[in-house]
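S.K.:
Next up, the structure:
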């Protein structure tokens, strides 16, 4: 079951359901996917069961909706400040072809960087036995719903940014219930857009490099995540690919279990506020930046994976420069 949201010509939200490669059907009784999720929590029934009991309305061609940029982020909050974007890094093993070589390097390393140490900690303790807590991962914050770009919309880098870098990932999508318990709706394709030049300058600038917009969707896959997900990341320039590479994700290709990553996010009371929405990015091993690609304004990112619905496409641009005097605080 795939769920998404679109905006009508009148400006209202419509929730869409899609199954088995069919059309996207409207759920006319649903105010929003957020409202449906909160209703399922209140009634203590699975979201899929709630949706099964709803009337199905008009059918739409998903590809046409994407071409017309009709898709919204598949889950939003009425107040964008209550939608949180966060993620974990150093979580993926890399491609199957390089995994054995990577493990060999770890065994031979005598003077490891902090990043390599953290990666090795994940290899050794990121998949604990059931009921146990594993090692905590690298964690970062990307902002709130004001930093969320809809599928098909532009990812806007600040003028002072030094890189326009895609990160093809899966994201877990969550709503926190009234009892402060987080509930996972499912998983979606995501682009955790970042500034890799800033990050490369000094690893302590990682926090700066992550404060960029992100996108996920267009559709959420309800239920569990397959253990082995194989997708493709592309960059298009003037409608022609300038770079393309497969990416691997899912627990079979990760040094941490998803449950361990979820635990180390939601262990903080701050992230268990009733009604809040969380979009948590699980990391990647495939970057065009690592291959020396220089992304330019106007390029388009495309991230796809079988089983996760439509490809996630976003163009990229740069915001106008702001004069320092405009943003300097003034005394009241």
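Numbering (the working numbering), first residue to last: 2 to 333.
Note that CB positions come from ideal geometry on N, CA and C, so glycine has one too.
So, helix, strand or coil for residue 141, using DSSP?
M.R.: Mapped onto the chain shown, residue 141 falls at position 140. In the structure shown, residue 141 sits in a strand (DSSP, three-state: E or B).
S.K.: Suppose contacts are defined by Cβ-Cβ distances below 8 Å. Is residue 228 in contact with residue 157 by that definition?
M.R.: For the purposes of this step, residue 228 is taken as residue 227 along the chain shown, with counting starting at 1. For the purposes of this step, residue 157 is taken as residue 156 along the chain shown, with counting starting at 1. No. Outside cutoff.
S.K.: Just tell me which of 32, 44 and 332 has its CA closest to the CA of residue 79.
M.R.: Translated into the one-based positions of the chain shown, residue 79 becomes position 78. Per the Cα distances, 32.
S.K.: Can you tell me whether residue 219 is buried or exposed? The criterion is at least 16 other CB atoms within 10 Å of its CB, across all chains shown.
M.R.: In the chain shown, the residue the question calls residue 219 occupies position 218. By the neighbour-count rule (16 or more Cβ atoms within 10 Å), residue 219 is buried.
S.K.: With DSSP as the reference, please indicate the residues paired to residue 90 in a beta bridge.
M.R.: Here residue 90 corresponds to residue number 89 of the chain shown, with the count starting at 1. DSSP lists 139 as partners of residue 90.
S.K.: Rounding to the nearest angstrom, what Cα-Cα distance links residue 281 and residue 165 in this structure?
M.R.: Counting from 1 along the chain shown, the entry for residue 281 is found at position 280. Counting from 1 along the chain shown, the entry for residue 165 is found at position 164. Spanning the two alpha carbons is a distance of roughly 21 Å.
S.K.: Give the C-beta separation of residue 201 and residue 273 to the nearest angstrom, bearing in mind that I take them to be a contact with Cβ-Cβ under 8 Å.
M.R.: Translated into the one-based positions of the chain shown, residue 201 becomes position 200. Translated into the one-based positions of the chain shown, residue 273 becomes position 272. That pair is no contact at about 34 Å.
S.K.: Count the CB pairs spanning the segment 225 to 240 and the segment 4 to 14 that are closer than 8 Å, and state whether there are at least three.
M.R.: Touching, no, given that fewer than three Cβ pairs across the two stretches are closer than 8 Å.
S.K.: Quick check: the segment 169 to 187 against the segment 36 to 45, are there 3 or more CB pairs under 8 Å?
M.R.: Touching, per the Cβ criterion.
S.K.: May I ask you to verify whether the segment 132 to 152 touches the segment 64 to 74, counting CB pairs closer than 8 Å and requiring at least 3?
M.R.: The segment 132 to 152, when compared against the segment 64 to 74, does touch it at the 8 Å Cβ threshold.
S.K.: Grouping DSSP H, G and I as helix and E and B as strand, with all else coil, what is residue 247?
M.R.: One-based indexing of the chain shown puts residue 247 at position 246. Residue 247: strand per DSSP, three-state reduction.
S.K.: What are the boundary residues of the beta strand (DSSP E) that includes residue 134?
M.R.: Taking the first residue of the chain shown as 1, we reach residue 134 at position 133. Residue 134 -> no beta strand (DSSP E), and no H or E assigned at all.
S.K.: Quick one, are the C-beta atoms of residue 283 and residue 186 less than 8 Å apart?
M.R.: Here residue 283 refers to the residue found at position 282 when the chain shown is read from its first residue. Here residue 186 refers to the residue found at position 185 when the chain shown is read from its first residue. Not in contact: residue 283 and residue 186 (Cβ atoms no closer than 8 Å).
S.K.: So residue 169 and residue 217 are in contact, right, with Cβ under 8 Å, and what is the actual spacing, rounded?
M.R.: Taking the chain shown and counting its residues from 1, one reaches residue 169 at position 168. Taking the chain shown and counting its residues from 1, one reaches residue 217 at position 216. At roughly 11 Å, the Cβ-Cβ gap does not stay under 8 Å, so residue 169 and residue 217 are not in contact.
S.K.: Who pairs with residue 184 in a beta bridge, going by DSSP?
M.R.: The residue labelled residue 184 in the question sits at position 183 within the chain shown. Residue 184 pairs with 176.
S.K.: Do residue 256 and residue 89 have their beta-carbon atoms positioned less than 8 Å apart in this structure?
M.R.: Translated into positions along the chain shown, residue 89 becomes position 88. Translated into positions along the chain shown, residue 256 becomes position 255. No.
S.K.: Would you mind working out which of 175, 47 and 66 sits nearest residue 27, comparing C-alpha positions?
M.R.: As a working mapping, residue 27 is identified with position 26 in the chain shown. Among 175, 47 and 66, the Cα nearest to that of residue 27 belongs to 66.
S.K.: What residue ranges within the segment 272 to 297 form continuous beta strand (DSSP E) runs of no fewer than 3 residues, ordered along the chain?
M.R.: Here the runs fully enclosed are 278 to 282.
S.K.: Just grab the DSSP bridge partners of residue 170 for me.
M.R.: Within the chain shown, numbered from 1, the residue matching residue 170 stands at position 169. DSSP, once it has assigned bridges, lists 191 as partnering residue 170.
S.K.: State the DSSP-derived secondary structure class of residue 70, mapped to helix, strand or coil.
M.R.: For the purposes of this step, residue 70 is identified with residue 69 of the chain shown, where counting begins at 1. Residue state, collapsed to three classes: coil.
S.K.: Could you tell me whether the segment 308 to 327 touches the segment 287 to 294, where touching means 3 or more Cβ pairs closer than 8 Å?
M.R.: No: fewer than three Cβ pairs fall under 8 Å.
S.K.: Starting from residue 36, follow the alpha helix (DSSP H) in both directions and report where the run begins and ends.
M.R.: Within the chain shown, numbered from 1, the residue matching residue 36 stands at position 35. Looking at the DSSP string, the run of the alpha helix (DSSP H) that includes residue 36 is 34 to 44.
S.K.: For residue 195, which of 56, 298, 221 and 163 has the nearest alpha-carbon?
M.R.: Along the chain shown, read from residue 1 onward, the residue named residue 195 stands at position 194. Residue 195 has its Cα closest to that of 163, out of 56, 298, 221 and 163.
S.K.: Going by DSSP, which residues form a beta bridge with residue 260?
M.R.: On the chain shown, residue 260 is found 259 positions in, with the first residue counted as 1. Partner(s): none; residue 260 has no beta bridge.
S.K.: Could you have a look at residue 27 and say whether DSSP puts it in helix, strand or coil?
M.R.: Along the chain shown, read from residue 1 onward, the residue named residue 27 stands at position 26. Looking at residue 27 - three-state DSSP - the assignment turns out to be strand.
S.K.: Between residue 302 and the ligand ATP, is there a pair consisting of the residue's CB and a ligand heavy atom that are separated by less than 7 Å?
M.R.: Of ligands this structure carries none, so the ligand ATP is not represented either.
S.K.: Rounding to the nearest angstrom, what Cα-Cα distance links residue 210 and residue 197 in this structure?
M.R.: Residue numbering aside, residue 210 sits at position 209 when the chain shown is read from its first letter. Residue numbering aside, residue 197 sits at position 196 when the chain shown is read from its first letter. Each residue's Cα considered, the two are about 7 Å apart.
S.K.: What first and last residue would you give for the alpha helix (DSSP H) that runs through residue 7?
M.R.: Taking the first residue of the chain shown as 1, we reach residue 7 at position 6. Where residue 7 is concerned, there is no enclosing alpha helix (DSSP H), although the beta strand (DSSP E) it sits in stretches over 3 to 8.
S.K.: Contact defined as beta carbons within less than 8 Å: I believe residue 17 pairs with residue 25. What is the distance between those atoms, to the nearest angstrom?
M.R.: For this step, residue 17 is matched to residue 16 along the chain shown. For this step, residue 25 is matched to residue 24 along the chain shown. Indeed they touch by this definition, with Cβ atoms about 4 Å apart.
S.K.: Out of curiosity, what's the CA-to-CA distance linking residue 222 and residue 327?
M.R.: Residue numbering aside, residue 222 sits at position 221 when the chain shown is read from its first letter. Residue numbering aside, residue 327 sits at position 326 when the chain shown is read from its first letter. Cα-Cα distance, rounded: 43 Å.
S.K.: Cα separation between residue 1 and residue 302?
M.R.: With the chain represented from 2 up to 333, any question about residue 1 goes unanswered, as that position is not in the structure.
S.K.: Reducing DSSP to helix, strand and coil, say where residue 149 ends up.
M.R.: Mapped onto the chain shown, residue 149 falls at position 148. Three-state DSSP puts residue 149 in a strand.
S.K.: In chain order, what residues of the same chain lie with their CB nearer than 6 Å to the CB of residue 183, ignoring the 5 residues before and after it?
M.R.: By 1-based counting over the chain shown, the position of residue 183 is 182. So the qualifying residues of the chain are 175, 177 and 267.
S.K.: Rounded to the nearest angstrom, what separates residue 100 and residue 333 at their Cα positions?
M.R.: Locating residue 100 in the chain shown gives position 99, where the first residue counts as 1. Locating residue 333 in the chain shown gives position 332, where the first residue counts as 1. In this predicted model, residue 100 has a pLDDT of only 33, less than 50, meaning its place in the structure is not dependable; the value taken from the coordinates is given anyway. Distance between the alpha carbons of residue 100 and residue 333 is about 57 Å.
S.K.: Would DSSP call residue 302 helix, strand or coil?
M.R.: Taking the chain shown and counting its residues from 1, the one referred to as residue 302 is at position 301. Reduced to three states, the DSSP call for residue 302 is strand.
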